[in-house]
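K.L.:
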Amino acid sequence: MAAEAKKSDFGGKAHVALNDPKLRANFRRAMDGLMAKRAIQFADPDEWKSLRARGAANRARALARLPELLEQLDARCTANGIQVHWAETTEEANAIVLGILMKAGAKRVIKGKSMVTEEMHLNAHLEAHGITAVESDLGEYIIQLAGEAPSHIVMPCIHKNKGEIAELFAEKIEGQVYTENVDELTAAARKALRGCFADADAGISGVNFAIAETGTLVLIENEGNGRLSTTLPPLHIAVTGIEKVLEKLDDVAPLLSLLPRSATGQPITTYVNMISSPRKPGEKDGPQAVHLVLLDSGRSRVYGDTELGDTLRCIRCAACMNHCPVYTRVGGHTYTFTYPGPIGKILTPQIEGLDCAGDQPHASTLCRACADVCPVEIPIPDILVRLRTEAVRPSATAGVKGGGSGRSAAETLGWAGWKTMYASPLVYGLATWAMGLVGNLMPDSLPMLKQWTSVRTKPKFAAKSLHQLAREKGFSDE
Amino acid sequence: MSDAKSRILSRLRAAPARPLPERPDWSPPSYGDGRKDKFRKMLEASHADVHEVTRADWPSLLRRILADKGVSAMLYAPGTATGKQLAADWAGAAAPRLLPYDRGIEEMKSVLVHDAEAAVTTARGGIAQTGALVLWPDADEPRLMSLLPPIHVVLVEEDTITDSLAATMAAQGWAGGMPTNAILVSGPSKTADIEQTLAYGVHGPKELIVLVIGRE
Chain A
9 MAAEAKKSDF GGKAHVALND PKLRANFRRA MDGLMAKRAI QFADPDEWKS
59 LRARGAANRA RALARLPELL EQLDARCTAN GIQVHWAETT EEANAIVLGI
109 LMKAGAKRVI KGKSMVTEEM HLNAHLEAHG ITAVESDLGE YIIQLAGEAP
159 SHIVMPCIHK NKGEIAELFA EKIEGQVYTE NVDELTAAAR KALRGCFADA
209 DAGISGVNFA IAETGTLVLI ENEGNGRLST TLPPLHIAVT GIEKVLEKLD
259 DVAPLLSLLP RSATGQPITT YVNMISSPRK PGEKDGPQAV HLVLLDSGRS
309 RVYGDTELGD TLRCIRCAAC MNHCPVYTRV GGHTYTFTYP GPIGKILTPQ
359 IEGLDCAGDQ PHASTLCRAC ADVCPVEIPI PDILVRLRTE AVRPSATAGV
409 KGGGSGRSAA ETLGWAGWKT MYASPLVYGL ATWAMGLVGN LMPDSLPMLK
459 QWTSVRTKPK FAAKSLHQLA REKGFSDE
Chain B
14 MSDAKSRILS RLRAAPARPL PERPDWSPPS YGDGRKDKFR KMLEASHADV
64 HEVTRADWPS LLRRILADKG VSAMLYAPGT ATGKQLAADW AGAAAPRLLP
114 YDRGIEEMKS VLVHDAEAAV TTARGGIAQT GALVLWPDAD EPRLMSLLPP
164 IHVVLVEEDT ITDSLAATMA AQGWAGGMPT NAILVSGPSK TADIEQTLAY
214 GVHGPKELIV LVIGRE
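Those protein sequences? They're chains A and B, same order as listed.
Using my numbering, the first residue of the first sequence is number 9, and each one after it goes up by one.
Using my numbering, the first residue of the second sequence is number 14, and each one after it goes up by one.
#1: Taking Cβ to Cβ, would you say Ile354/A is nearer than 8 Å to Thr319/A?
#2: Could you tell me which of Met443/A, Arg73/A, Ser285/A and Arg32/A sits nearest to Thr86/A, measuring between CA atoms?
#3: Would a check of beta-carbon distances place Lys51/B closer than 8 Å to chain A?
#4: Could you name the residues of the segment 34 to 60 of chain A whose beta carbon sits closer than 7 Å to any beta carbon of chain B, in the order they occur along the chain?
#5: Contact check, Ile388/A vs Cys328/A under 8 Å by CB: the rounded distance?
#6: For a cutoff of 8 Å on Cβ pairs, would you count Leu224/B as touching chain A?
#7: Output the residue ranges of the alpha helix (DSSP H) runs that lie fully inside the segment 356 to 402 of chain A and measure 4 residues or longer, sorted by chain position.
#8: Comparing the C-beta of Tyr186/A with each C-beta of chain B, is any distance below 8 Å?
#9: Could you list which residues in chain B have their beta carbon closer than 7 Å to that of Ser308/A, in chain order?
#10: Where do the ends of the beta strand (DSSP E) carrying Val435/A lie?
#11: Is Pro53/A buried or exposed, if buried means 16 or more other CB atoms sit within 10 Å of its CB?
#12: I need the straight-line Cα distance from Leu421/A to Leu201/A, nearest angstrom please.
#13: Could you give the first and the last residue of the continuous alpha helix (DSSP H) run that contains Phe217/A?
#14: Express the C-alpha separation of Ala103/A and Ala11/A in angstroms, rounding to a whole number.
#15: Is the distance from the Cβ of Ile90/A to the Cβ of Ala208/A below 8 Å?
#16: Is Ala174/A near Thr187/A, with beta carbons less than 8 Å apart?
#17: What is the rounded straight-line gap between the Cα of Leu211/B and the Cα of Ala399/A?
#18: State the Cα-Cα distance for the pair Trp187/B and Leu257/A, rounded to the nearest angstrom.
#19: Given a threshold of 16 other Cβ atoms within 10 Å of its Cβ, counted over all protein chains shown, does Arg53/B qualify as buried or as exposed?
#20: So that I know if they touch, is there some Cβ in chain B lying closer than 8 Å to that of Val408/A?
#21: If I'm right that Asp17/A touches Thr344/A with Cβ under 8 Å, what's the distance once you round it to whole angstroms?
#22: Going by Cα to Cα distance, which pick from Asp102/B, Asp128/B and Glu120/B is closest to Leu88/B?
#23: In whole angstroms, what is the alpha-carbon distance linking Glu182/A and Ser15/B?
#24: Does the Cβ of Ile108/A have 16 or more other Cβ atoms within 10 Å, making it buried, or fewer, making it exposed?
#25: State buried or exposed for Leu263/A, treating a residue as buried only when at least 16 other CB atoms are found within 10 Å of its CB.
#26: Report yes if the C-beta distance between Thr222/A and Met182/B is below 8 Å; otherwise report no.
#27: For Lys472/A versus Gly444/A, is the C-beta distance shorter than 8 Å?
#28: Would you say Ile164/B faces chain A, with C-beta separation under 8 Å as the test?
#29: Whose C-alpha, out of Ile161/A, His167/A, Tyr149/A and Asp191/A, is nearest the C-alpha of Lys180/A?
#30: When you compare the CB of Val84/B with every CB in chain A, is at least one pair closer than 8 Å?
#31: Measuring CA to CA, which of Met456/A, Phe50/A and Lys15/A is closest to Asp380/A?
#32: Here's the rule I'm using: 16 or more other beta-carbon atoms within 10 Å means buried, otherwise exposed. How should Lys18/B be labelled?
#33: Return helix, strand or coil for Ile21/B, following the three-state DSSP convention.
#34: I'd like to know whether the C-beta of Met282/A is nearer than 8 Å to at least one C-beta of chain B.
#35: Note down, in chain order, each residue of its chain lying with its Cβ closer than 7 Å to the Cβ of Glu231/A, except the 5 sequence neighbours on either side.
#36: Taking the runs of the alpha helix (DSSP H) that are 4 residues or longer, which of them lie wholly in the segment 40 to 84 of chain A?
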């Protein structure tokens, strides 16, 4: 993902987040609202069950046929006049986008919301080459003004309350006075961004679904900024991960019934924007050129294992994070990388490597709330456990990046001792006897024990073991 | 084939084969005689203003609605039947000035961004389940009409309203050929990015007026 070397520090960042009452209140309020709205949408369990089974099957079918569907998508888009590019890495994708913009002489870019371009850190790359990229989704615009990264994949500025946004606008938007009125704040953003849309040389967007059958890019949104970004400028570049493909146009109907309802509790987004070609002769608007950049960035490696590959079914609704007891308390920035919450905890370690984000699969209680609400049935808790295992005992076939990096000599030795102790009654008896004698003298700060006692009280060892007590009471070992 | 493409595809092909699951049975809801009411209810729930009209009376009704809102200039599509009916009906009447979308966006940008206070387009269909309008822009009725002016007026015929997106796709044979751009619209532009508080008209139209032409 990132060009710069980053490393997950979940424990450290979580500690800071947990002690930030404003952040916690912002997330608590937002997540409670989103959960309640989703619950209303799926009040009928039978409808949820059959719809979800269909949605999951549509995604699973697309993954089962992924290579041929990608070729079909490429061929159909090309036949429709969309220029298709393939990128193995985020660096390659950035270079492709920059190349298209430079060839067109584009200097000003307007962007619709796209998590893939966040993953690429595209804006920074363009800025470094003298191209201004302005985020036009209100939430993305706010965090761009603040110089921050999204903390949620659907509602990127959910960590901010209106007071913070009011201050930010008053400071950054010319002529804007401090107001906490949401309508006025929204109007200020509209006004500031209208000019950017009108002047933009190119629009950049993500893609929600790419239909192999028809070569159609489906984008959903509420604001209309995505439609503006893909319609008003003379050039449109859509960027998507290779996993977003669907076999048939019909497959989109159940998924469109799942995605907005799961994400924000809306029956449908305000706009569903389906793009199949650039402007045709005689048409009066729309971009003259449309490009599609297909990004791999580790996804084909994830695909190499059928269980881990289910991660790629994700339709980015964010229901898993909205319902996650961990995410709700620590917020999105704690996860360091682009995708937070349960889906991030299984995606990031696979893309970035377990050596770099190996702590993330452990940042879970395995309560299964994420699996219960996932509209495409991704077995997130099972994959979390699988990744914990891969970190210490890498399987030969999966080849998860950084597999085995979580293995430590001390831990291996510890478990080997544990195994020996439990396999032999004699050693077990000796060990429990010894613990009864000296266990309470061990300081909390011993290596390994320290990690346990940092958030828990050290258990008290009884002076006598259960066996000893039983024998004293006259019970026989037989 | 580009190197990146062949390398990505060969990695994907090297992966173990996955089972191809059948698509399990799923049927979207149906509303029978309640279809139009559901359509209306859903659109109103997403803040649209819905009126039931006849093929003959809609231009005069629209004139009154826009007069109440103080609209002085409206964008329209002069090449469509709807546009022609509107222009004929409003000719000589006290009505908003009609701005024709008759040139490319390169020449029309200023009219669309600054002058047009409203625009009227047709819908190719309606979807009851979600209260969505199916827009199918073309050379006569371009894409930006439904996006840039602050008020968007849509005409939809009751007969084209189906129960669900799946039903519309099947009835209209979408998979057989998609246009440059097809759009579903459910309500005016909105956002809840600031504290989940709804605000309308963040980028697209602030108001959506739907005129449903009844069966005659």
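Ideal placement from N, C-alpha and C gives every residue a C-beta, glycine not left out.
P.N.:
Walking through what the data contain:
#1: Yes, they are a contact pair.
#2: Answer by Cα proximity: Ser285/A.
#3: It does not; no Cβ of chain A falls within 8 Å.
#4: From the segment 34 to 60 of chain A, only Ala38, Gly41, Ser58 and Leu59 have a Cβ closer than 7 Å to chain B.
#5: 6 Å between Cβ atoms; contact.
#6: At a cut-off of 8 Å between beta carbons, Leu224/B makes no contact with chain A.
#7: Counting only runs of 4 or more, we get 362 to 365, 377 to 381 and 388 to 400.
#8: Cβ-Cβ to chain B under 8 Å: no for Tyr186/A.
#9: Within 7 Å Cβ-Cβ: Ile21, Arg24 and Leu25.
#10: Premise fails: Val435/A lies in the alpha helix (DSSP H), Pro433 to Val446, not in any beta strand (DSSP E).
#11: Flag for Pro53/A reads exposed.
#12: Approximately 60 Å, taken between the alpha carbons.
#13: Segment Phe217 to Ile219 is the beta strand (DSSP E) holding Phe217/A; no alpha helix (DSSP H) there.
#14: A caution first: Ala11/A carries a pLDDT of 42, below 50, which makes its placement in the model unreliable, though a value can still be read off. For Ala11/A and Ala103/A, the distance between alpha carbons rounds to 13 Å.
#15: Not a contact, by the Cβ cut-off of 8 Å.
#16: The Cβ atoms of Ala174/A and Thr187/A sit closer than 8 Å to each other.
#17: For Leu211/B and Ala399/A, the distance between alpha carbons rounds to 44 Å.
#18: Using only the alpha carbons, I get a separation of about 8 Å.
#19: Arg53/B sits buried, since 16 or more C-beta atoms from the chains shown fall within 10 Å of its C-beta.
#20: Taking 8 Å as the threshold, the shortest C-beta distance from Val408/A to chain B does not fall below it.
#21: Your pair Asp17/A and Thr344/A checks out as a contact, with CB atoms roughly 7 Å apart and the cut at 8 Å.
#22: Ranking Asp102/B, Asp128/B and Glu120/B by Cα distance to Leu88/B puts Asp128/B first.
#23: For Glu182/A and Ser15/B, the distance between alpha carbons rounds to 46 Å.
#24: It counts as buried.
#25: By the beta-carbon neighbour count (other beta carbons within 10 angstroms, threshold 16), Leu263/A is buried.
#26: No, Cβ-Cβ distance for Thr222/A and Met182/B is not below 8 Å.
#27: Using a Cβ distance threshold of 8 Å, Lys472/A and Gly444/A count as a contacting pair.
#28: Output row for Ile164/B: interface = no.
#29: Lys180/A has its Cα closest to that of Tyr149/A, out of Ile161/A, His167/A, Tyr149/A and Asp191/A.
#30: Chain A, which has no Cβ nearer than 8 Å to the Cβ of Val84/B, makes this no.
#31: Among Met456/A, Phe50/A and Lys15/A, the Cα nearest to that of Asp380/A is on Phe50/A.
#32: It is buried - the Cβ of Lys18/B has at least 16 other Cβ atoms within 10 Å.
#33: Here Ile21/B sits in helix by DSSP.
#34: Yes, contact with chain B.
#35: Spatial neighbours of Glu231/A in its own chain (CB-CB distance under 7 Å, excluding positions within 5 residues in sequence) are listed in chain order as Asp145 and Leu146.
#36: Every alpha helix (DSSP H) of 4 residues or more that sits fully in the segment 40 to 84 of chain A is shown, in chain order, as 53 to 72.
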